[in-house]
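Chemist: My questions all concern the structure below.
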Amino acid sequence: MSKIKFMALGGQDERGKNLFVLDIDDNLFVLDAGVKYPDKGILGVDIVTPKLDYLKNNKQKIKGIFLTNSASYNMGSVPYILKTMDIPVYCNEITQLVGKIKISRMRIKNTKDQNFVVVKDKQILDFGKVKVEVFRTTSASPQSYGYAFHTEEGTIVYAGDYIIDGKEQSYFSTDFNHINEIGKKGVLALIADSEYASRSGFTVPNHKIESFISTSFKEKKTKIAIGIFEEDIFKLGEICMAAKENNRKIAVYGRTMTEILKSNLINENLQIAEEDIITVEEYMKSENGLLIISGTGDVLYSKLAKIATGNDEVVEFTEKDLIILATPPAPGVEKRHAQILDELARTDARLIALSDRNIWSMHASYEDIKVFTSMLNPKYFIPVKSLFKDSLKAEKAAIEAGVNERNVVILDNGQVANISKNSISIADKKVDIGNSYVDQAGVGDVGAIVLNERKLLATDGVMIIGATIDSRNKELISMIDTQMRGVLYIKEENPIFKIIQKEIESLLEQGQSQFKENPNKYDINEIKKDIATRVKTLIKQESGKQPIVLVIVNEYDGKDYVFKPRNNSNRNNYRNNSNNNNKKGSN
């Protein structure tokens, strides 16, 4: 009999960062590996990935990563995994294309083309006792997949992003007959996307933007710039069809979206020819061109902000332009979305912003979950990719679909569910989880200490203290140089600066006395720590701030050194190199 465990390294009670692991007899199957976008309070951080220690420690057991689609919430962490682990990634053609673009942009050299294995609908992958069957679902990316893991205990189905759309017959259509066949054979457990379970009804037809943009596309002498996330390929199809119907040439501002539009899978269905595509420069000269501006997360907003503020080298919004922001805000960038709307409103162009009240993301709503669960008729149900409140709604939908209420398990990140024919339970022991903060360089994570320092720099400023001592007897032989940014507004005769100077001198003199008594106990690093601590305390008493304090003490042998202060009047001759700028209000 198989021993089956299921765990979440990310994606539970949060938006994004989806990464789940199905453990079947010590063989690990990784289900999606996404990122999320940080709140702007986390300074200098581009994306957040799951902590990958569990995968690194068990990499010999990993059979592969199984991706549902190309959305960054589902595959954004793959490049960071492949940096340290040589494992196969099973996906569709579009996801392979996007993955390779991301990896080449990050210059990850140790990855091979063989890392990405393109699988087809209805294909069965053989892993010995485990057979993995691929089935097709409908989401924002074409040919999204779900996976059925056939084990000795029964079939475990993982359904990532999906909606129920019986009318869709394009490359976004769901293979309902195949899913019904899997259900008829018996499903032990269904692990299903429940991110938007709190939305009542079906997602269809609320996911379509056609009716909201069709009138604007009919305007004869108006250029249209439309902003979408690069994973919104379904919207790309609607936009391109509207452009062709109204004889609008299409330009794309976004490298990944450009490559997607060139791919055979998209071209065959959209019937986009070379003559339909123009450059961004040609768009600017046209009367009724269409510019598609794309990017993931904050990248899209950064592009729009650059154009709106007149800092883009090619694109400029004028009174002849209509801007359509066709994508409701993604989780983590809601504030940024509101800021960009304000920036765009300041331009001469007209602005239309589609709200999430009108346009729903292509994830399962309450009725979608009920229907999908009814089709598969699982014994156990595990909601994933959702906040706790949405997991509770998904639980209710599953119970209404026929699942016993005792057979629904809601997991937190790190918790492990033990699954067998007779029972499902949560283990006492958790796996190691956490966040990895990736900066703009995209080459490593940013530690908690760095993040804290960035916050301090932004809110409390920085103070740099410099002094020179005689290396022979540790006597102070220079004035104390103090520079600060964002700490205090410097005024003439402010007593706090004289107090700071006296404290620094006192600590240096104490060090000098200690050196005379016992040179072996003298430690300049400890003295610098004491200076930083004392200065922080004084600044906090004066202003309430706790700046970063950097102390630099140079040692000099005393040769050819002219200035050597001996009395208090000289030592009180406090100097601050930034004083003139501060008087002008620079601080």
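Heads up, the sequence shown is in the working numbering, so the first residue is -4 and it goes up one at a time. Quick reminder that beta carbons are idealized off the backbone N, C-alpha and C, glycines included. Remember, it's a predicted structure, so these values are computed and weren't measured experimentally.
(1) Per DSSP, R345 is paired with what?
(2) Start and end of the alpha helix (DSSP H) containing E277?
(3) Is the Cβ-Cβ distance between D363 and Q7 less than 8 Å?
(4) Taking all protein chains shown into account, decide if E308 is buried (16 or more other Cβ within 10 angstroms of its Cβ) or exposed.
(5) Helix, strand or coil: how does DSSP classify P490 here?
(6) How would you label R401, buried or exposed, when you count the other beta carbons within 10 angstroms and need 16 or more for buried?
(7) Can you give me the Cβ contacts of N468 inside the same chain, cut-off strictly under 8 Å, excluding the 5 residues immediately before and after it?
(8) Skipping 5 residues on each side, what residues in its chain have a beta carbon closer than 7 Å to that of D440?
(9) On the DSSP letters alone, give me the boundaries of the beta strand (DSSP E) that V16 sits inside.
(10) Applying the 10 Å Cβ sphere with the 16-neighbour rule, what's the burial state of D592?
(11) Measuring straight from C-alpha to C-alpha, what distance separates R529 and Y75?
(12) So, for F197: in the same chain, excluding its five sequence neighbours on each side, which residues have a beta-carbon less than 7 Å away from its beta-carbon?
(13) By the 10 Å Cβ neighbour count, where 16 or more other Cβ atoms means buried, how is L295 classified, buried or exposed?
(14) Apart from the five residues on each side of it in sequence, which residues of its chain come closer than 8 Å, Cβ to Cβ, to K230?
(15) For S67, which three-state DSSP category applies?
(16) Where does the unbroken alpha helix (DSSP H) through P378 begin, and where does it stop?
(17) Could you tell me if L23 is buried or exposed, where buried requires 16 or more neighbouring beta carbons within 10 angstroms of its beta carbon?
(18) Which of the three DSSP states, helix, strand or coil, is assigned to P100?
(19) Does the Cβ of R250 have 16 or more other Cβ atoms within 10 Å, making it buried, or fewer, making it exposed?
(20) Of the choices Q496, G461 and G5, whose alpha-carbon is the least far from that of G409?
(21) According to the Cβ coordinates, are M370 and I151 closer than 8 Å?
(22) If you draw a straight line from the alpha carbon of K527 to that of A333, how long is it in whole angstroms?
(23) Keeping to the same chain, check which residues put their C-beta closer than 7 Å to that of A28; ignore five residues upstream and five downstream.
(24) Does Y153 come out as helix, strand or coil in the three-state DSSP assignment?
(25) With a threshold of 8 Å between beta carbons, is M2 in contact with chain D?
(26) Are D188 and K380 closer than 8 Å when you measure CB to CB?
(27) Mind checking whether Y153 and G161 have CB atoms under 8 Å apart?
(28) Where does N353 land, buried or exposed, given buried means 16+ other C-beta within 10 angstroms?
(29) What separation, rounded to the nearest whole angstrom, lies between the Cα atoms of F312 and I272?
(30) Looking at the secondary structure, which residues open and close the beta strand (DSSP E) in which L26 lies?
(31) With a floor of 4 residues, list each alpha helix (DSSP H) that falls wholly inside the stretch 105 to 152, ordered by position along the chain.
(32) So what's G442 in DSSP terms, helix, strand or just coil?
(33) Per DSSP, which residues does M458 bridge with? Please list them.
(34) If I'm right that E226 touches S65 with Cβ under 8 Å, what's the distance once you round it to whole angstroms?
(35) Would a C-beta distance cut-off of 8 Å place F212 and A237 closer than the cut-off?
(36) Just verifying my parser: in three-state terms, what is the DSSP assignment at L47?
Modeler: Taking the definition as stated:
(1) Counting from one through the sequence shown, the residue named residue 345 turns up at place 350. BP columns for R345 point to L317.
(2) Start at 1 with the first residue of the sequence shown, and residue 277 comes out as number 282. Here the alpha helix (DSSP H) through E277 covers V275 to K280.
(3) Locating residue 363 in the sequence shown gives position 368, where the first residue counts as 1. Locating residue 7 in the sequence shown gives position 12, where the first residue counts as 1. Not closer than 8 Å, so no.
(4) On the sequence shown, residue 308 is found 313 positions in, with the first residue counted as 1. Exposed.
(5) Translated into the one-based positions of the sequence shown, residue 490 becomes position 495. Residue state, collapsed to three classes: helix.
(6) One-based indexing of the sequence shown puts residue 401 at position 406. It is exposed - the Cβ of R401 has fewer than 16 other Cβ atoms within 10 Å.
(7) Mapped onto the sequence shown, residue 468 falls at position 473. Once the five neighbours on either side are set aside, the close Cβ partners of N468 are Q507, F510 and K511.
(8) Within the sequence shown, numbered from 1, the residue matching residue 440 stands at position 445. For D440, the predicted structure reports a pLDDT of 48, less than 50, and the residue's modelled location is therefore unreliable. A value from the coordinates is still provided. Once the five neighbours on either side are set aside, the close Cβ partners of D440 are S431, Y432 and V433.
(9) Sequence index remark: in the sequence shown, residue 16 carries index 21 (1-based). Note, V16: beta strand (DSSP E), L14 to I19.
(10) Here the chain covers residues -4 to 582 and nothing more, so residue 592 does not appear.
(11) Reading the sequence shown from its first residue, position 534 is the one you call residue 529. Reading the sequence shown from its first residue, position 80 is the one you call residue 75. Taking the straight line joining both Cα atoms gives about 42 Å.
(12) Against the sequence shown, residue 197 aligns to sequence position 202. I159, S360, E362 and D363, listed in sequence order.
(13) On the sequence shown, position 300 is the one that residue 295 refers to. Flag for L295 reads buried.
(14) The count along the sequence shown starts at 1 and reaches residue 230 at position 235. Taken in chain order, the residues that qualify are A135, I204, I223, A321 and T322.
(15) Translated into the one-based positions of the sequence shown, residue 67 becomes position 72. Three-state result, S67: helix.
(16) Residue 378 sits at position 383 when you count from the first residue of the sequence shown. Careful: P378 lies outside any alpha helix (DSSP H), inside the beta strand (DSSP E) at P373 to V379.
(17) Counted from its first residue, the sequence shown places residue 23 at position 28. Classification of L23: buried, given that the 10 Å Cβ count is 16 or more.
(18) One-based indexing of the sequence shown puts residue 100 at position 105. In the sequence on display, residue 100 carries Arg and not Pro. In the three-state reduction of the DSSP assignment, R100 falls in the helix class, which pools H, G and I.
(19) Residue 250 sits at position 255 when you count from the first residue of the sequence shown. R250 should be labelled exposed.
(20) In the sequence shown, residue 409 corresponds to position 414, counting from 1. Check the Cα spacing between G409 and each of Q496, G461 and G5: the tightest is with G5.
(21) Counting from 1 along the sequence shown, the entry for residue 370 is found at position 375. Counting from 1 along the sequence shown, the entry for residue 151 is found at position 156. Contact: no.
(22) Working through the sequence shown from its first residue, we reach residue 527 at position 532. Working through the sequence shown from its first residue, we reach residue 333 at position 338. A small fix is needed here, since residue 527 is Ala in this sequence, not Lys. Cα-Cα distance, rounded: 40 Å.
(23) Taking the sequence shown and counting its residues from 1, one reaches residue 28 at position 33. Contacts found: L14, I60, M70, S72, V73 and I76.
(24) Here the question's residue 153 lines up with position 158 in the sequence shown. Strand.
(25) Any reference to chain D falls outside this structure, which holds one protein chain only.
(26) Residue 188 sits at position 193 when you count from the first residue of the sequence shown. Residue 380 sits at position 385 when you count from the first residue of the sequence shown. Yes. Within cutoff.
(27) Position 158 of the sequence shown, counted from the first residue, corresponds to residue 153. Position 166 of the sequence shown, counted from the first residue, corresponds to residue 161. Going by C-beta atoms, Y153 is not nearer than 8 Å to G161.
(28) For the purposes of this step, residue 353 is taken as the residue at position 358 of the sequence shown. N353 is exposed by the Cβ-count criterion.
(29) The residue labelled residue 312 in the question sits at position 317 within the sequence shown. The residue labelled residue 272 in the question sits at position 277 within the sequence shown. Each residue's Cα considered, the two are about 20 Å apart.
(30) In the sequence shown, the residue the question calls residue 26 occupies position 31. For L26, the uninterrupted beta strand (DSSP E) run begins and ends at N22 to A28, by DSSP.
(31) none
(32) On the sequence shown, residue 442 is found 447 positions in, with the first residue counted as 1. Bear in mind that a pLDDT of 46 at G442, under 50, signals an unreliable position, so the model cannot answer this.
(33) Residue 458 sits at position 463 when you count from the first residue of the sequence shown. Answer by DSSP bridge pairing, in chain order: M479 and V544.
(34) Working through the sequence shown from its first residue, we reach residue 226 at position 231. Working through the sequence shown from its first residue, we reach residue 65 at position 70. Rounded, the Cβ-Cβ distance is 6 Å, consistent with contact.
(35) Position 217 of the sequence shown, counted from the start, is the residue given in the question as residue 212. Position 242 of the sequence shown, counted from the start, is the residue given in the question as residue 237. A contact, by the Cβ cut-off of 8 Å.
(36) Locating residue 47 in the sequence shown gives position 52, counting from the first residue. Here L47 sits in coil by DSSP.
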